[in-house]
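Undergrad:
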Amino acid sequence: MEQSNTAFGLAARDATGVLAPFSFPLRAKGEDDIILNILYCGICHSDLSTIKNEWGNAIYPVVPGHEIVGVVTEVGHNVQKFKVGDKVGIGYFISSCLSCDNCKQDSENYCPQLVTTFNSSYPDGTPTYGGFSDKLVVNEHFAVRIPTKLPLDKVAPLLCAGIAVYNPLKEHGLNEPGKHLGVVGLGGLGHLAVKFAKAFGVKVTVISTSPDKEKEAIEKLGADSFIVSRDPEQMKAAMGTMDGILDTIAADHSLMPLFALLKTRGKLIALAGMTKPTELSLYPIMAGGKMLAGTLIGGVKDMQEMLSFAEEHNITAEVEVIGMDDVNIAMERLQKGDVRFRFVINVANSISLS
1 MEQSNTAFGL
11 AARDATGVLA
21 PFSFPLRAKG
31 EDDIILNILY
41 CGICHSDLST
51 IKNEWGNAIY
61 PVVPGHEIVG
71 VVTEVGHNVQ
81 KFKVGDKVGI
91 GYFISSCLSC
101 DNCKQDSENY
111 CPQLVTTFNS
121 SYPDGTPTYG
131 GFSDKLVVNE
141 HFAVRIPTKL
151 PLDKVAPLLC
161 AGIAVYNPLK
171 EHGLNEPGKH
181 LGVVGLGGLG
191 HLAVKFAKAF
201 GVKVTVISTS
211 PDKEKEAIEK
221 LGADSFIVSR
231 DPEQMKAAMG
241 TMDGILDTIA
251 ADHSLMPLFA
261 LLKTRGKLIA
271 LAGMTKPTEL
281 SLYPIMAGGK
291 MLAGTLIGGV
301 KDMQEMLSFA
311 EEHNITAEVE
321 VIGMDDVNIA
331 MERLQKGDVR
341 FRFVINVANS
351 ISLS
């Protein structure tokens, strides 16, 4: 049975970032598309940055959300991966050219023609609206299967935060047992970085400005040690000890103290976009043969592999589940850092916008 071609969600209309009810036409279903009813959607810090236009690229109205778990309700004629009733996940992007070198190497996330799940548009100009809504149409290629053993609310953040930390660990050889990894920040990305790294057998040190997070980092998440980055003695004692560092902090901060923690040829990998340019002193980086790298989530194949690894090791996000009516308050709390560790919207059981 064909569904209504209208979706309902929450949209920001301007840089105040206030989210209010919004209806919009669903993209027409193609032969390779699936339609899903959205069950859960995580709230990523980039959702907040976009609706407030912190990066200067907001295309209003913005319906955020790219940590989406849903159930398939319709399939196009050519669909082979999924059937009606399957639980699927959608992450940061929902289209790419599928023909460039990046796409051919399963790195659709670096495609020059990448279409993101929200705040973007298809080549024909059709805008994309994200998971703070009840329905989504997507080409089956860009959906992943949700493992049956993982709870749907706690798996939603893995579709952005999870792949964002899993992929660089693998790509930069920081998933080898015995390696020493620093994790800067203990929020949505940081807590999952600790979980994935420990599952790989890696030694993990959490680096944070907040001393009160030490007990949680070690006793709850399993980190091996904790450094207060504002403590010069602790930072000095850790100099030259780490093979790599995942920097998960979106707030503006200096990178040079982090380079000092790296061993020779160590890698500092940026996972979050700061709003302002940062200054680097090149000589200390050159003198240690060190590297600054960036990463943008992962491809579809990487996402499916990450979910399988998460199922095998029982890795899920620590979440606070909220309703659609609570989203604006959650955004205010997120801006203040008042979340442990990820908000997830129970869309299916709380949307009443139609």
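First residue of the sequence shown? That's 1 in full-length UniProt numbering, and the numbers climb one at a time after it. In this text, a Cβ means the ideal position worked out from N, Cα and C, and glycines have one as well. Note that this is a predicted model, so its numbers are computed, not measured.
(1) Bridge partners for ILE38 per DSSP, in chain order?
(2) Would LYS83 be called buried (16 or more neighbouring beta carbons within 10 Å of its own) or exposed?
(3) Tell me the rounded alpha-carbon separation between ILE146 and CYS160.
(4) On the CB-based measure, 16 or more other CB atoms within 10 Å of its CB, does HIS180 come out buried or exposed?
(5) What's the C-alpha gap between GLY130 and ILE90?
(6) By alpha-carbon positions, which one of LEU169, LEU262, LEU136 and GLY187 ends up nearest to PRO25?
(7) Three-state secondary structure (DSSP) at ILE43?
(8) For a quick check, are the C-beta atoms of ILE35 and ASP134 less than 8 Å apart?
(9) Is PRO64 buried or exposed, if buried means 16 or more other CB atoms sit within 10 Å of its CB?
(10) For the alpha helix (DSSP H) containing ARG265, name the first residue and the last one.
(11) Looking at LEU271: is its Cβ nearer than 8 Å to the Cβ of THR248?
(12) Could you check what DSSP says for ALA20 in three-state terms: helix, strand or coil?
(13) Could you pull out every unbroken beta strand (DSSP E) segment of at least 3 residues lying fully inside the stretch 293-324, listed in chain order?
(14) Between the stretch 163-174 and the stretch 195-203, do three or more beta carbon pairs fall short of 8 Å?
(15) Is the beta carbon of LEU158 less than 8 Å from the beta carbon of ALA317?
(16) Compare the beta carbon distance of ILE72 and ASP86 with 8 Å and say whether it is the shorter of the two.
(17) Quick one: complete beta strand (DSSP E) runs, 3+ long, within the stretch 210-269?
(18) Hey, how far is the Cα of ASP14 from the Cα of ASN57?
(19) From the DSSP secondary-structure annotation, give me the bridge partner or partners of GLY9.
(20) CB-CB under 6 Å to ALA260, same chain, minus the five flanking residues each way: which ones, in chain order?
(21) Using the C-alpha atoms, what's the distance from HIS191 back to ALA329?
(22) Mind checking who residue 356 pairs with in its DSSP beta bridge?
(23) Please return the same chain residues whose Cβ sits closer than 6 Å to the Cβ of LEU334, not counting the five positions on each side in sequence.
(24) Compare the Cα-Cα distances from MET331 to each of GLY244, LYS52, ALA143 and LEU98 and report the closest residue.
(25) Roughly how many angstroms lie between the CA atoms of PRO123 and GLN113, to the nearest whole one?
(26) By Cβ distance below 6 Å, which residues in the same chain neighbour TYR110 in space, the five residues on each side in sequence not counted?
(27) Counting beta carbon pairs with one atom in the stretch 301-319 and one in the stretch 280-288, are three or more of them shorter than 8 Å?
(28) According to the neighbour-count rule (16 or more other Cβ atoms, all chains shown, within 10 Å of its Cβ), is THR16 buried or exposed?
(29) Is it right to say SER354 is buried, meaning 16 or more other beta carbons lie within 10 angstroms of its own, or is it exposed?
(30) Return the chain-ordered list of same chain residues with a C-beta closer than 7 Å to the C-beta of VAL75, the five sequence neighbours on each side being excluded.
(31) In angstroms with no decimal places, state the Cα-to-Cα distance between GLY294 and ILE269.
(32) Quick one: Cα of GLN80 to Cα of GLY30, how far?
TA: Judging by the given coordinates:
(1) Looking up residue 38 in the sequence shown gives position 38. Bridge partners of ILE38: GLY70.
(2) Indexing the sequence shown from 1 puts residue 83 at position 83. Exposed: under 16 other Cβ atoms inside 10 Å.
(3) By one-based count along the sequence shown, residue 146 stands at place 146. By one-based count along the sequence shown, residue 160 stands at place 160. If you take the alpha carbons of ILE146 and CYS160, they lie about 14 Å apart.
(4) As a working mapping, residue 180 is identified with position 180 in the sequence shown. Per the 10 Å Cβ criterion, buried.
(5) Working through the sequence shown from its first residue, we reach residue 130 at position 130. Working through the sequence shown from its first residue, we reach residue 90 at position 90. Distance between the alpha carbons of GLY130 and ILE90 is about 10 Å.
(6) Reading the sequence shown from its first residue, position 25 is the one you call residue 25. It is LEU136 whose Cα lies nearest to the Cα of PRO25.
(7) Reading the sequence shown from its first residue, position 43 is the one you call residue 43. In this structure, ILE43 counts as coil in the three-state DSSP scheme.
(8) Sequence index remark: in the sequence shown, residue 35 carries index 35 (1-based). Sequence index remark: in the sequence shown, residue 134 carries index 134 (1-based). Result no, Cβ atoms of ILE35 and ASP134 do not sit closer than 8 Å.
(9) Counted from its first residue, the sequence shown places residue 64 at position 64. Flag for PRO64 reads buried.
(10) The count along the sequence shown starts at 1 and reaches residue 265 at position 265. Unbroken run through ARG265 is the beta strand (DSSP E), 262-270; no alpha helix (DSSP H).
(11) The residue labelled residue 271 in the question sits at position 271 within the sequence shown. The residue labelled residue 248 in the question sits at position 248 within the sequence shown. Yes.
(12) The residue given as residue 20 occupies position 20 in the sequence shown. Here ALA20 sits in strand by DSSP.
(13) 319-322
(14) yes
(15) Counting from one through the sequence shown, the residue named residue 158 turns up at place 158. Counting from one through the sequence shown, the residue named residue 317 turns up at place 317. Cβ distance < 8 Å, so LEU158 and ALA317 count as in contact.
(16) Stepping through the sequence shown from its first residue, residue 72 is reached at position 72. Stepping through the sequence shown from its first residue, residue 86 is reached at position 86. This sequence places Val at residue 72; Ile is not what is there. Yes, the Cβ-Cβ distance between VAL72 and ASP86 is below 8 Å.
(17) 225-228 and 242-247
(18) Residue numbering aside, residue 14 sits at position 14 when the sequence shown is read from its first letter. Residue numbering aside, residue 57 sits at position 57 when the sequence shown is read from its first letter. If I take the Cα positions, the gap works out to 12 Å.
(19) For the purposes of this step, residue 9 is taken as the residue at position 9 of the sequence shown. PHE22 and SER133.
(20) Here the question's residue 260 lines up with position 260 in the sequence shown. Closer than 6 Å at Cβ, skipping near neighbours: MET239.
(21) Position 329 of the sequence shown, counted from the start, is the residue given in the question as residue 329. Position 191 of the sequence shown, counted from the start, is the residue given in the question as residue 191. Checking the sequence, you will find Ile at residue 329 rather than Ala. For ILE329 and HIS191, the distance between alpha carbons rounds to 22 Å.
(22) There is no way to answer for residue 356, as the model of the chain reaches only from 1 to 354.
(23) Here residue 334 is taken as the residue at index 334 of the sequence shown, counted from 1. Same-chain partners within the cutoff: LEU48.
(24) One-based indexing of the sequence shown puts residue 331 at position 331. The residue with the shortest Cα to Cα distance from MET331 is LYS52.
(25) One-based indexing of the sequence shown puts residue 123 at position 123. One-based indexing of the sequence shown puts residue 113 at position 113. Each residue's Cα considered, the two are about 8 Å apart.
(26) Taking the first residue of the sequence shown as position 1, residue 110 is located at position 110. Excluding positions up to five away in sequence, the list reads ASN102.
(27) no
(28) What you label residue 16 is simply residue 16 of the sequence shown in a count that begins at 1. Classification for THR16: exposed.
(29) Start at 1 with the first residue of the sequence shown, and residue 354 comes out as number 354. At SER354 the pLDDT is 43, less than 50, meaning the model places this residue with poor confidence and gives no usable figure here.
(30) Within the sequence shown, the letter at position 75 stands for residue 75. Excluding sequence neighbours, VAL75 sits near ILE34, PHE82, LYS83 and VAL84.
(31) Locating residue 294 in the sequence shown gives position 294, counting from the first residue. Locating residue 269 in the sequence shown gives position 269, counting from the first residue. Straight-line Cα distance between these residues: approximately 5 Å.
(32) Here residue 80 refers to the residue found at position 80 of the sequence shown. Here residue 30 refers to the residue found at position 30 of the sequence shown. About 13 Å.
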